[in-house]
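K.L.:
In the numbering used here, the protein residues as written are -15 to 77.
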Amino acid sequence: MPERTVAVGSTSGLHARPAALFVEAATAQPVAVSVRLPGGRPVPARSMLSVLSLGATHGTEVILSAEGDGAEAALEALADLLRRNLDEEPADA
């Protein structure tokens, strides 16, 4: 199963707006993606409550995983999103 480890780039961590943007992007992917903290249980990336429950702060490494056709592209797209500081990007970016 392909995985990507990425540090959360948003200054507020994976909370509120960054989490909402991440969940929205995960929902748009053709495959189900899970996200977890190292050593933690995976949660569905399409679930806002699950993503918020991770408590990921700025710089926290999270591990994305997915399986199936399009998994690599989905992971790359979501990893790129998580690396960015979504708190400083315009709402329509």
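Built from N, CA and C at the ideal position, the CB exists for glycine as well.
Computed from a predicted structure; not experimentally measured.
1) Using the beta-carbon count (16 or more within 10 Å), is Ser(-6) buried or exposed?
2) For Leu(-2), which three-state DSSP category applies?
3) Tell me whether Ala58 is buried or exposed, calling it buried when 16 or more other Cβ atoms sit within 10 Å of its Cβ.
4) Distance, Cα to Cα, Ser18 vs Ser49?
5) To the nearest whole angstrom, what separates the beta carbons of Leu66 and Val(-8), a pair I think is in contact under 8 Å?
P.N.:
So, to answer that:
1) buried
2) coil
3) buried
4) 5 Å
5) 6 Å
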